[in-house]
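Reviewing the structure listed below.
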Amino acid sequence: MLNLTAPLRYGTHRLADVPWMFDGLRWMLEGGFRQHRQLLARHFSTPPARVLDCGCGTGIFAPCFSQPSYLGIDLSPAYIARARARYAGYRFQEMDASRMQLASQSFDAVIVSGVLHHMDRSLAQQVLSEIQRVLRPEGTLLMWEDVPTRGRINWLGHLVHQLDVGDHIRPAGEYLSLLAPCFQVESVEPMLSGCMDYVAIKARPHSQPLVHAPTSQYHPTASLVIA
Ligand SMILES: C[S@@+](CC[C@H](N)C(=O)[O-])C[C@H]1O[C@@H](n2cnc3c(N)ncnc32)[C@H](O)[C@@H]1O
């Protein structure tokens, strides 16, 4: 039988390279991101004074926060350009989340929306260790990540996950195990956004101090371990 998955995946990835198409497609599939906004409003009833949107893409969640409080970072120059054009007054920077050029303990909250499922375990752990570093000790991490589609008849959800650019969609438990070295989990909830299944996790950094373990090839974040 003809297997269309590979060409369809290729087409989806090319679409995702065009920021306005990426936005439009996701907006339709996810009902205008209503669930995400409600989640943010519920968990940040007191708005954080300094919030980092890690892997902000085109910045769609910037308007959920005040302009002075918000910084969005992303690896993609095209997404950052689109974010700057759409949300004037908000701050966006091109940056690799696994090597943030940001001061330690400089944020009260970090949000991560659908980023870790693009990363293998080792990279995801570097990013989480960087998030722990830039969060102040009582700060909040609120993340939501794609999980395998739950409903059998949610054929659109199954299809979208087949075509997703992220190759590391994990069950909820695997995200929890990624968080374990750096974070204490406070709440875990399933979230269905349009046809897309997520797990939403709220966590706080562990209070233990971080030490640098010696490594032959120095990288400021790769060697962080909990004392
Ligand atoms: C599915 S998109 C989600 C974008 C945005 N958070 C949202 O919900 O609309 C994943 C994003 O992660 C970004 N990303 C992947 N690896 C990254 C890295 N190492 N550092 C920063 N951003 C990264 C991609 O460029 C992309 O914008």
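The end of the sequence shown is residue 228 by our numbering, with every number in the run present. We put the beta carbon where it would ideally sit given N, CA and C, even for glycine. Here the structure is a predicted model, which is why all the values come from computation and not from measurement.
For R27, the distance from the CB to the nearest heavy atom of ligand 1 is below 8 Å.
Ranked by how close their Cα comes to the Cα of I202, the residues G32, R92, V111, P69 have V111 in first place. Between ligand 1 and the CB of F62, the shortest heavy atom gap is smaller than 8 Å. Per DSSP, the beta bridge partners of P191 are V200. Between the stretch 31-49 and the stretch 190-206, the count of Cβ pairs shorter than 8 Å is three or higher; the stretches touch. For D75, the enclosing beta strand (DSSP E) covers residues 71-75. For T141, the enclosing beta strand (DSSP E) begins and ends at 136-147. In the DSSP secondary-structure assignment, P206 is bridged to F184. Under the 10 Å beta carbon count, P69 is surrounded by fewer than 16 other beta carbons and is classified as exposed.
For D18, the closest alpha carbon among the candidates P78, Y91, M120 is that of P78.
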